[in-house]
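In the working numbering, the protein residues as written are 11 to 141. Glycine is no exception: its CB is placed at the ideal position from the N, C-alpha and C atoms. Remember, it's a predicted structure, so these values are computed and weren't measured experimentally. Notes follow the structure.
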(Lines of atoms letter the chains of each structure in order from A and count residues from 1; the text may use other names and numbers.)
(Lines give C-alpha, C1' and ligand atoms only; values in the text may rest on other atoms or scores of the structure.)
Protein backbone atom coordinates (compact mmCIF):
# COMPACT_ATOMS: atom_id res chain seq x y z
CA UNK A 1 0.00 0.00 0.00
CA UNK A 2 1.48 3.33 -0.99
CA UNK A 3 1.68 5.61 1.99
CA UNK A 4 1.96 8.95 0.27
CA UNK A 5 0.25 9.81 -2.98
CA UNK A 6 -1.16 12.93 -4.51
CA UNK A 7 -3.13 14.23 -1.58
CA UNK A 8 -3.90 11.21 0.55
CA UNK A 9 -2.22 8.89 2.98
CA UNK A 10 -2.98 5.68 4.88
CA UNK A 11 -1.27 4.71 8.10
CA UNK A 12 -1.47 1.27 9.69
CA UNK A 13 -3.91 0.58 12.53
CA UNK A 14 -6.58 2.95 11.31
CA UNK A 15 -6.88 5.04 8.21
CA UNK A 16 -5.94 8.68 8.41
CA UNK A 17 -6.73 10.94 5.49
CA UNK A 18 -4.24 13.65 4.64
CA UNK A 19 -5.79 16.11 2.20
CA UNK A 20 -3.87 18.46 -0.09
CA UNK A 21 -3.56 21.01 2.74
CA UNK A 22 -1.99 18.32 4.99
CA UNK A 23 -4.93 18.43 7.41
CA UNK A 24 -5.65 15.16 9.16
CA UNK A 25 -9.06 14.22 10.54
CA UNK A 26 -8.92 11.93 13.57
CA UNK A 27 -12.52 10.74 13.13
CA UNK A 28 -13.52 8.37 15.94
CA UNK A 29 -9.96 7.67 17.15
CA UNK A 30 -8.76 8.32 20.72
CA UNK A 31 -7.09 11.72 20.90
CA UNK A 32 -5.28 13.97 23.36
CA UNK A 33 -3.71 17.40 23.01
CA UNK A 34 -0.09 18.10 23.85
CA UNK A 35 -1.34 20.37 26.64
CA UNK A 36 -3.23 17.46 28.24
CA UNK A 37 0.00 15.44 28.26
CA UNK A 38 2.35 18.13 29.59
CA UNK A 39 4.52 16.75 32.42
CA UNK A 40 3.07 13.27 31.93
CA UNK A 41 4.91 9.96 31.53
CA UNK A 42 3.52 7.74 28.76
CA UNK A 43 4.32 4.09 28.13
CA UNK A 44 5.37 4.60 24.51
CA UNK A 45 5.53 7.25 21.79
CA UNK A 46 5.27 6.39 18.10
CA UNK A 47 6.28 8.87 15.44
CA UNK A 48 4.89 7.87 12.04
CA UNK A 49 6.79 9.47 9.18
CA UNK A 50 4.94 9.88 5.89
CA UNK A 51 7.94 11.59 4.27
CA UNK A 52 10.92 13.58 5.50
CA UNK A 53 8.82 16.60 6.41
CA UNK A 54 5.46 15.15 7.46
CA UNK A 55 4.86 13.03 10.54
CA UNK A 56 2.23 12.37 13.19
CA UNK A 57 2.57 11.20 16.77
CA UNK A 58 0.58 8.87 18.95
CA UNK A 59 1.13 7.83 22.57
CA UNK A 60 0.32 4.66 24.48
CA UNK A 61 -1.21 5.50 27.85
CA UNK A 62 -3.32 3.39 30.22
CA UNK A 63 -3.53 0.54 27.70
CA UNK A 64 -4.76 2.68 24.78
CA UNK A 65 -3.26 4.53 21.80
CA UNK A 66 -4.04 8.25 21.50
CA UNK A 67 -3.25 10.48 18.50
CA UNK A 68 -1.83 13.91 19.37
CA UNK A 69 -4.23 16.54 18.09
CA UNK A 70 -4.23 20.32 17.97
CA UNK A 71 -6.78 22.56 19.70
CA UNK A 72 -9.00 22.16 16.60
CA UNK A 73 -9.24 18.38 17.11
CA UNK A 74 -7.27 17.58 13.95
CA UNK A 75 -4.32 15.22 14.19
CA UNK A 76 -1.26 17.42 14.62
CA UNK A 77 1.21 17.43 11.74
CA UNK A 78 4.89 17.85 12.52
CA UNK A 79 7.74 18.79 10.17
CA UNK A 80 9.78 15.71 11.06
CA UNK A 81 10.68 13.69 14.16
CA UNK A 82 12.89 16.37 15.73
CA UNK A 83 10.17 18.99 15.32
CA UNK A 84 7.71 16.60 17.03
CA UNK A 85 10.14 16.00 19.90
CA UNK A 86 10.79 19.74 20.31
CA UNK A 87 7.06 20.56 20.34
CA UNK A 88 6.17 17.65 22.66
CA UNK A 89 9.14 17.79 25.03
CA UNK A 90 6.78 18.12 27.99
CA UNK A 91 5.92 14.43 27.55
CA UNK A 92 8.34 11.80 28.84
CA UNK A 93 8.68 8.12 27.95
CA UNK A 94 11.11 5.25 28.23
CA UNK A 95 10.27 3.99 24.72
CA UNK A 96 9.94 5.94 21.50
CA UNK A 97 9.79 4.47 18.00
CA UNK A 98 10.08 6.05 14.56
CA UNK A 99 7.96 4.25 11.95
CA UNK A 100 8.33 4.74 8.21
CA UNK A 101 6.44 2.94 5.45
CA UNK A 102 8.29 2.67 2.15
CA UNK A 103 6.16 3.51 -0.86
CA UNK A 104 9.04 2.45 -3.09
CA UNK A 105 10.05 -0.97 -1.74
CA UNK A 106 10.74 -2.23 -5.26
CA UNK A 107 13.54 0.35 -5.51
CA UNK A 108 15.44 -1.46 -2.76
CA UNK A 109 15.01 -4.99 -4.11
CA UNK A 110 11.61 -5.91 -2.68
CA UNK A 111 9.05 -7.57 -4.96
CA UNK A 112 6.64 -5.06 -6.48
CA UNK A 113 3.14 -5.21 -5.02
CA UNK A 114 4.14 -7.27 -1.99
CA UNK A 115 3.13 -5.87 1.41
CA UNK A 116 6.27 -4.90 3.30
CA UNK A 117 6.12 -4.20 7.04
CA UNK A 118 7.13 -0.66 8.01
CA UNK A 119 10.63 0.17 9.14
CA UNK A 120 10.64 0.65 12.94
CA UNK A 121 13.65 2.07 14.75
CA UNK A 122 14.18 3.30 18.27
CA UNK A 123 14.15 7.07 18.68
CA UNK A 124 15.93 8.95 21.46
CA UNK A 125 13.11 11.03 22.98
CA UNK A 126 14.24 14.09 24.94
CA UNK A 127 12.01 15.43 27.69
CA UNK A 128 11.97 18.74 29.58
CA UNK A 129 11.42 16.97 32.89
CA UNK A 130 13.06 14.04 34.62
CA UNK A 131 11.45 10.63 34.51
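The three-state secondary structure of residue 129, taken from DSSP, is strand. It is roughly 4 Å from the alpha-carbon of residue 128 to the alpha-carbon of residue 111. Here residue 65 is buried, its C-beta having at least 16 other C-beta atoms within 10 Å. A distance below 8 Å between beta-carbons, with the five flanking residues on each side excluded, links residue 107 to the following residues of its chain, in chain order: 54, 55, 56, 57, 130, 131, 132 and 133.
Beta-bridge analysis with DSSP links residue 75 to 70. Per DSSP, the unbroken alpha helix (DSSP H) holding residue 45 starts and ends at 44 to 47. Put simply, the backbone Cα of residue 78 is about 18 Å away from that of residue 138. Secondary structure note for residue 110: its beta strand (DSSP E) is the uninterrupted segment 106 to 110.
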